[in-house]
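**Q**
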Amino acid sequence: MIPQDTYPSIVPFLTCGWPSPEGFLASVRGLAKVGCPYFEVGFPFSDPIADGPTIQLTSSEALEAGMNLKMCFELTAQATRESGIPAVAMTYANLVYHLGLNEFCQRLKEAGGEGLIVPDLSFEESEPVKEACNRHDLHLVSFLAPTTAAERRREVAAAAQGFLYLVAVRGVTGGAGASGPELQQLITDAKAAAACPVLVGFGVRGPEQVMDILKAGADGAIVGSALLEKVRAAGTDGASIEKAVEEFLGPLVQACGATPA
Amino acid sequence: MQALKQWPDARGRFGEFGGRFVPETLHAALTQLEEQYRAVAQDEEFQAELRSELKDFSGRPTPLTRATRLEKAWGGPRIWLKREDLNHTGSHKLNNCLGQVLLARRLGKKRIIAETGAGQHGVATATVCARYGLPCVVYMGAEDVRRQALNVYRMRLLGAEVRPVESGAKTLKDATNEAMRDWVATVDSTHYIIGSVVGPHPFPMMVRDFQSVIGEEVKEQLGRLPDRVIACVGGGSNAAGIFYPFVEDESVKLVGVEAGGLSSEIGEHCRSLSAGSPGILHGARTYLLQTEGQVSATHSLSAGLDYPGVGPEHSFWKDSGRVIYESVGDKDAIKAFQEVARCEGIIAALESSHAYAWASQNAGKFPDEKDWVICSSGRGDKDVAEVERLTEEVNS
Ligand SMILES: Cc1ncc(COP(=O)(O)O)c(C=O)c1O
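Sequence order for the protein chains is A and B. So in our numbering, spot 203 of the first sequence is number 203, and the numbers just go up one at a time. So in our numbering, spot 292 of the second sequence is number 292, and the numbers just go up one at a time.
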């Protein structure tokens, strides 16, 4: 199950096997070194409708390089074993159903996974997946968006497990940074109703934004596209990737420490 | 067993297909759309406005034309052509766009987006946006922008912005992904006029209902039940529109024709129903062409059929045995395109040519059947240049 007592914290997102299996493992080393309690690992899908250009591209490059589900489980297992921290998988409903709910969850658990995030699995469709996850001691993460109506916010938040994923923007991943009264209200509503930690994601880019998010009452932030852009800029060498990840995430993790919980 | 016309259920399921697999951000808009749609479906004023637009703007009812020269050539049943090509803008797509734009106005939406493959749906959407004074953005795969240049120009003339999509295979699937991403970011102000019976609930139900005018008219025009109704299936909207009014008439055989492309090799065809397996794409559980859970590449010379998924209700009709799904390849579609032009004076869309081709190959096999209806879903002007290019390649 997803750790519940490590907050405030930064949860980084990586595309599995990108820019290469070795580059991915180097990224995980970097994020573990700066003290992230766990990481999100995206199993690439051909049609990621909730993702912006950065994650679309890392996903399609990973697939072109030959990543498949079997390799995703293997690499995730290696990454969690080497880093000593667990993973939460993020992927689209088709891949989960394609393998079969039970088998997917079992293999994820065996790979050191503690939770699953499926951005195109609506709350209404989530029950069978949640059952399968829980059978294998995994959490299924739920989403709240700025467009989620007040009553539904309470309902989804009350049923949330692992952590509650707040989508900070109207839009796909990697968009402009989010802040302001709308996000504040979303965080307030979520915290009031959720028994689990509340994390903010989509468009989180820098330490100041992380501080704002924590000040607004959230337990942490998820950083994906901005991190992947740093990895891309670092090139293909494992050591440079590891260093780039450390240098980018370090200040974000420090921002968590600098903000009273 | 629930009557066939009663689907979907409250969760938007057609049996085990359909549903709503979307990011949370879209949930509120889909719920609102469903509520409003259920309200207008019962609202006489809305229905009267839609009927009047279908008549005075689109030119409905479209004729049911007897094709006596094709009958002679094929040797079999009487052949009736449902002339959706005679709709304003040249295809059945306008039926759905008129319904949805009126609905979008009720929802107070100020901007319209759409995806398009062949460009027919893009043109129909651009047309209703011009008529109702709404800004319009159409996503179109870059490959389709090339194949369907005439329609790109038509959309621009109508005031729409055409955004070429460079991801994936640069065809309809990729355009749909991009339209959905736009919608996730703009859902408060924007309505997404989806072009076929695909996508999350309530789109498959709503688009089917707006297209059902096709089959309703056939019933009235023929005055008796046909033995067989044949339509091409891309996403499946012209087929759903002509089939749905007949699904509970057991004597009527229904045949959906998918694009067989170049071969039965994965990647070279669009046979979602006849060669795919259940999966989840663009918000619905449905038959899908996929490899290890990744959506496959597809091929058809007909851009409007070049799609790896299909409307969830077709998946349901397939599994229940109510509709038979067959396929026709590129070459046979071109042959039918030429045959129909020469025999009947109708240049049909390459999409529709797939339905013609199946009828041409099979008419002689059913000596007991008397009346066949083919859905001539659109006109082929948009395809003339591509067919010329392809037949020159063959001849040179
Ligand atoms: C003339 C025509 N027929 C058929 C189709 C396929 O769509 P559907 O299967 O939704 O009718 C298209 C799509 O562009 C089209 O333009």
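From the three backbone atoms N, C-alpha and C, an ideal C-beta is built for every residue, glycine too.
1) Looking only at C-alpha atoms, which of Arg111(B), Lys173(B), Lys365(B) and Cys129(B) sits nearest to glutamate 143(B)?
2) Cβ of asparagine 95(B) within 8 Å of any heavy atom in ligand 1?
3) Taking the alpha helix (DSSP H) that threonine 54(A) falls in, what are its first and last residues?
4) Would the stretch 65-75 of chain A and the stretch 17-24 of chain A be scored as touching if the rule is three or more Cβ pairs under 8 Å?
5) From glutamate 16(B) to lysine 5(B), what does the alpha carbon distance come to, in whole angstroms?
6) Residue range of the beta strand (DSSP E) that threonine 190(B) falls in?
7) Compare the C-beta of glutamine 56(A) with all C-beta atoms of chain B and state if any pair is closer than 9 Å.
8) Pairing CB atoms from the stretch 271-283 of chain B with CB atoms from the stretch 314-330 of chain B, are three or more of them under 8 Å?
9) Starting from the C-beta of alanine 132(A), find all residues in its chain whose C-beta is less than 8 Å away, skip the five residues before and the five after it, and write them out in chain order.
10) DSSP three-state label for valine 123(B), please.
11) So what does DSSP say about histidine 201(B), is it helix, strand or coil?
12) Is isoleucine 193(B) close to chain A? Criterion is C-beta to C-beta, closer than 9 Å.
13) Please check if any C-beta of chain A sits within less than 9 Å of the C-beta of glutamine 294(B).
14) If you draw a straight line from the C-alpha of phenylalanine 143(A) to the C-alpha of serine 46(A), how long is it?
15) Is aspartate 9(B) close to chain A, meaning its C-beta is less than 9 Å from at least one C-beta of that chain?
16) Which chain B residues sit within Cβ distance under 9 Å of leucine 75(A)?
17) CB-CB under 7 Å to arginine 20(B), same chain, minus the five flanking residues each way: which ones, in chain order?
18) Counting only C-beta atoms, is phenylalanine 123(A) closer than 9 Å to chain B at any point?
19) Quick check on methionine 1(A): buried or exposed, where buried means 16 or more other Cβ atoms within 10 Å of its Cβ?
20) Does the distance from the C-beta atom of serine 327(B) to that of valine 257(B) stay below 9 Å?
21) Contact between the stretch 68-81 of chain B and the stretch 124-140 of chain B: three or more CB pairs below 8 Å?
22) Under 8 Å, with one C-beta from each stretch per pair, do the stretch 296-305 of chain B and the stretch 325-344 of chain B reach the 3-pair mark?
23) Going by the CB atoms, is the gap between alanine 111(A) and proline 146(A) shorter than 9 Å?
24) Starting from the Cα of aspartate 227(B), find the closest Cα among Ala385(B), Gly345(B), Phe14(B) and Val373(B) and give me that residue.
25) So, does the CB of histidine 139(A) fall closer than 9 Å to a CB anywhere in chain B?
26) So, helix, strand or coil for glutamate 22(A), using DSSP?
27) For histidine 282(B), verify whether its CB is less than 8 Å away from any heavy atom of ligand 1.
28) Using beta carbons (cut-off 9 Å, strictly below), is leucine 86(B) in contact with chain A?
29) So, do the stretch 245-256 of chain A and the stretch 22-36 of chain B have three or more beta carbon pairs nearer to each other than 8 Å?
30) Let's see if you can read the secondary structure: which residues bound the beta strand (DSSP E) around glycine 42(A)?
**A** This is what the structure holds:
1) Position 143 of the second sequence, counted from the start, is the residue given in the question as residue 143(B). That would be Lys173(B), whose Cα lies nearest to the Cα of glutamate 143(B).
2) Along the second sequence, one-based indexing puts residue 95(B) at 95. Not under cutoff, so the answer is no.
3) By 1-based counting over the first sequence, the position of residue 54(A) is 54. Its alpha helix (DSSP H) spans residues 53-64.
4) Output reads yes: the stretch 17-24 of chain A touches the stretch 65-75 of chain A.
5) Within the second sequence, residue 16(B) is the residue found at index 16, counting from 1. Within the second sequence, residue 5(B) is the residue found at index 5, counting from 1. Rounded to whole angstroms, glutamate 16(B) to lysine 5(B) spans 16 Å at the Cα level.
6) If you number the second sequence from 1, residue 190(B) lands on position 190. For threonine 190(B), the enclosing beta strand (DSSP E) stretches over residues 190-192.
7) Taking the first sequence and counting its residues from 1, one reaches residue 56(A) at position 56. So yes, glutamine 56(A) belongs to the interface.
8) Yes, the stretch 271-283 of chain B is in contact with the stretch 314-330 of chain B.
9) For the purposes of this step, residue 132(A) is taken as the residue at position 132 of the first sequence. Once the five neighbours on either side are set aside, the close Cβ partners of alanine 132(A) are Leu101, Asn102, Phe104 and Cys105.
10) As a working note, residue 123(B) is residue 123 in the second sequence. It is helical.
11) Here residue 201(B) refers to the residue found at position 201 of the second sequence. In the structure shown, histidine 201(B) sits in coil (DSSP, three-state: anything other than H, G, I, E or B).
12) Your numbering for residue 193(B) matches position 193 in the second sequence. The beta-carbon of isoleucine 193(B) is placed no less than 9 Å from the nearest beta-carbon of chain A.
13) For the purposes of this step, residue 294(B) is taken as residue 294 along the second sequence, with counting starting at 1. The beta carbon of glutamine 294(B) sits closer than 9 Å to some beta carbon of chain A.
14) By one-based count along the first sequence, residue 143(A) stands at place 143. By one-based count along the first sequence, residue 46(A) stands at place 46. Approximately 22 Å between the Cα atoms of the pair.
15) Position 9 of the second sequence, counted from the start, is the residue given in the question as residue 9(B). For aspartate 9(B), the nearest beta carbon of chain A is not closer than 9 Å to its own beta carbon.
16) Position 75 of the first sequence, counted from the start, is the residue given in the question as residue 75(A). Here the premise fails: no neighbours, minimum Cβ distance about 16 Å.
17) In the second sequence, the residue the question calls residue 20(B) occupies position 20. Counting only residues of its own chain and dropping the five nearest sequence neighbours on each side, arginine 20(B) has a CB closer than 7 Å to the CB of Gly12, Leu30, Pro200, His201 and Gly283.
18) Residue 123(A) sits at position 123 when you count from the first residue of the first sequence. Phenylalanine 123(A) counts as touching chain B.
19) In the first sequence, counting from the first residue as 1, residue 1(A) sits at position 1. By the neighbour-count criterion, in which a residue is buried when 16 or more other Cβ atoms sit within 10 angstroms of its Cβ, methionine 1(A) is exposed.
20) Residue mapping note: residue 327(B) aligns to position 327 of the second sequence, counting from 1. Residue mapping note: residue 257(B) aligns to position 257 of the second sequence, counting from 1. Cβ distance < 9 Å, so serine 327(B) and valine 257(B) count as in contact.
21) Contact fails between the stretch 68-81 of chain B and the stretch 124-140 of chain B, because fewer than three Cβ pairs, one in each stretch, are under 8 Å apart.
22) With a cut-off of 8 Å, the stretch 325-344 of chain B and the stretch 296-305 of chain B count as touching, because enough Cβ pairs lie within range.
23) As a first step, residue 146(A) must be located in the first sequence, where it is residue number 146. As a first step, residue 111(A) must be located in the first sequence, where it is residue number 111. At a Cβ-Cβ threshold of 9 Å, proline 146(A) and alanine 111(A) do not count as neighbours.
24) Within the second sequence, residue 227(B) is the residue found at index 227, counting from 1. Looking at Ala385(B), Gly345(B), Phe14(B) and Val373(B), the one whose alpha-carbon comes closest to that of aspartate 227(B) is Val373(B).
25) The sequence position of residue 139(A) within the first sequence is 139, counting from 1. No, histidine 139(A) lies away from the interface with chain B (no Cβ there is under 9 Å from its Cβ).
26) Within the first sequence, numbered from 1, the residue matching residue 22(A) stands at position 22. When secondary structure is reduced to three states using DSSP, glutamate 22(A) falls in the helix class.
27) Locating residue 282(B) in the second sequence gives position 282, counting from the first residue. Proximity of the beta carbon of histidine 282(B) to ligand 1 is not indicated: no heavy atom of the ligand is located closer than 8 Å.
28) On the second sequence, position 86 is the one that residue 86(B) refers to. Judged by the 9 Å Cβ criterion, leucine 86(B) is not in contact with chain A.
29) Flag = no, the stretch 245-256 of chain A and the stretch 22-36 of chain B do not touch.
30) Numbered from 1 along the first sequence, position 42 holds the residue referred to as residue 42(A). Per DSSP, glycine 42(A) belongs to the beta strand (DSSP E) from 39-42.
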